[in-house]
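Here is the structure we will look at.
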Amino acid sequence: MADSSYQPEVLNILSFLRMKNRKSSIQLTSSLESMDMNPECFVSPRCAKKYKSKQLAARIMEAHQNVATMPLVEAKLRFIQAWQSLPEFGLTYYLVRFKGSKKDDILGVSYNRLIRIDATTGIPITTWRFTNIKQWNVNWEIRQVMIEFDQNFQVAFTCLSADCKIVHEYIGGYIFLSTRSKDQNETLDEDLFHKLTGGQD
């Protein structure tokens, strides 16, 4: 396995599998009946509709027992790792209208890509990687962001849920972060940062 992230990924998966320890299920059923718990306080309304209260309570108690014996810092670290492994981690969403389109779409901005998502179904339509961006411009008069990719492919959109300057700053900030090396001693190139994130109002 030549990929340097292989070993840490294996360790993360093994730690998650250890958290799914099922040997405490006998204690779980007896403690569920004696505990007065409202599972709807712990989950989203969508999840509360999907499962019965007893099922939710059992899953909550199981998750609690998996982390109850951990030190606080380790439990927080496991929570952060589980959160970062979610498929939509790190995405920021904006309601936009693409040029030539009659309907609104959602634009997801991540650290390495832009995702066009259908607003009615939530299904991703197209993904554009930042590595394929040649340049991007903002027309401050009509508040429109135009992005040019390799092979002279262009997209333009108007932000409906936020100022276009915010999307412009996100794109520039993520591209700036991707140019930095992993070396902590590298000095910050403030001019490049302001060039990528700043705009002319």
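Per the working numbering, residue 282 is the first one in the sequence shown, and the count goes up by one each step. Virtual Cβ for every residue (Gly too), placed ideally from N, Cα, C.
- Message: Quick check on Val-291: buried or exposed, where buried means 16 or more other Cβ atoms within 10 Å of its Cβ?
- Response: Within the sequence shown, the letter at position 10 stands for residue 291. Exposed, because fewer than 16 other Cβ atoms sit within 10 Å of the Cβ of Val-291.
- Taking buried to mean at least 16 other C-beta atoms within 10 Å of its own C-beta, is Trp-417 buried or exposed? Numbered from its first residue, the sequence shown carries residue 417 at position 136. So Trp-417 counts as buried.
- Message: On the CB-based measure, 16 or more other CB atoms within 10 Å of its CB, does Ala-338 come out buried or exposed?
- Response: Taking the first residue of the sequence shown as 1, we reach residue 338 at position 57. Burial call: buried.
- Task: Leaving aside the five residues before and after Met-413 along the sequence, list all residues of the same chain whose C-beta is less than 7 Å from its C-beta, in chain order.
- Result: As a position in the sequence shown, residue 413 is number 132, starting the count at 1. With the sequence shown as reference, residue 413 is identified as Asn, and Met is not the correct amino acid for it. Excluding residues within five positions, the ones whose Cβ falls inside 7 Å are Phe-430 and Asp-431.
- Item | Cross-strand partners of Asn-418 (DSSP beta bridge) | Your numbering for residue 418 matches position 137 in the sequence shown. Beta-bridge pairing links Asn-418 to Met-427.
- Message: What would DSSP say about Ala-349, mapped onto helix, strand or coil?
- Response: Looking up residue 349 in the sequence shown gives position 68. Ala-349: coil per DSSP, three-state reduction.
- Query: Excluding five sequence neighbours on each side, which residues of the same chain lie with their C-beta closer than 8 Å to the C-beta of Ser-296?
  - Reply: Translated into positions along the sequence shown, residue 296 becomes position 15. Closer than 8 Å at the Cβ level, and outside the excluded window around Ser-296, lie Arg-359 and Gln-362.
- Query: Can we say the segment 453-466 touches the segment 395-404, given the rule of at least three CB pairs closer than 8 Å?
  - Reply: no
- Task: Can you tell me the Cβ-Cβ gap for Ala-443 and Met-427, rounded? I've got them flagged as a contact below 8 Å.
- Result: Against the sequence shown, residue 443 aligns to sequence position 162. Against the sequence shown, residue 427 aligns to sequence position 146. Contact flag wrong, Cβ pair sits at about 17 Å.
- Query: Where Leu-473 and Arg-410 are concerned, what is the direct C-alpha to C-alpha distance, given to the nearest angstrom?
  - Reply: Numbered from its first residue, the sequence shown carries residue 473 at position 192. Numbered from its first residue, the sequence shown carries residue 410 at position 129. Answer to the nearest angstrom: the Cα atoms are 20 Å apart.
- Using 10 angstroms around the beta-carbon of Tyr-375, count the other beta-carbons present and answer buried if the total reaches 16, otherwise exposed. In the sequence shown, the residue the question calls residue 375 occupies position 94. It is buried - the Cβ of Tyr-375 has at least 16 other Cβ atoms within 10 Å.
- Message: Tell me the rounded alpha-carbon separation between Phe-379 and Leu-367.
- Response: As a working mapping, residue 379 is identified with position 98 in the sequence shown. As a working mapping, residue 367 is identified with position 86 in the sequence shown. One C-alpha to the other measures close to 28 Å.
- Message: If distances are taken between C-alpha atoms only, which option among Gly-479, Gln-365, Cys-440 and Met-342 comes closest to Asn-293?
- Response: Indexing the sequence shown from 1 puts residue 293 at position 12. When each option's Cα is compared against that of Asn-293, the closest is Gln-365.
- Rounded C-alpha distance that separates Val-377 from Ser-325: Stepping through the sequence shown from its first residue, residue 377 is reached at position 96. Stepping through the sequence shown from its first residue, residue 325 is reached at position 44. Each residue's alpha carbon lies about 26 Å from the other.
- Where Val-419 and Ser-462 are concerned, what is the direct C-alpha to C-alpha distance, given to the nearest angstrom? As a working note, residue 419 is residue 138 in the sequence shown. As a working note, residue 462 is residue 181 in the sequence shown. C-alpha separation (whole angstroms): 28 Å.
- Cβ distance (whole Å) where Arg-394 is taken to contact Thr-408 below 8 Å: Residue 394 sits at position 113 when you count from the first residue of the sequence shown. Residue 408 sits at position 127 when you count from the first residue of the sequence shown. Indeed they touch by this definition, with Cβ atoms about 5 Å apart.
- Item | Closest residue to Thr-373 among Tyr-332, Tyr-392 and Asp-317 (Cα-Cα distance) | Your numbering for residue 373 matches position 92 in the sequence shown. Thr-373 has its Cα closest to that of Tyr-392, out of Tyr-332, Tyr-392 and Asp-317.
- Query: Considering only the beta carbon of each residue, do Glu-450 and Thr-468 sit closer than 9 Å?
  - Reply: For the purposes of this step, residue 450 is identified with residue 169 of the sequence shown, where counting begins at 1. For the purposes of this step, residue 468 is identified with residue 187 of the sequence shown, where counting begins at 1. No.
- Message: I need the DSSP call for Thr-373, collapsed to helix, strand or coil.
- Response: Within the sequence shown, numbered from 1, the residue matching residue 373 stands at position 92. Strand, per DSSP.
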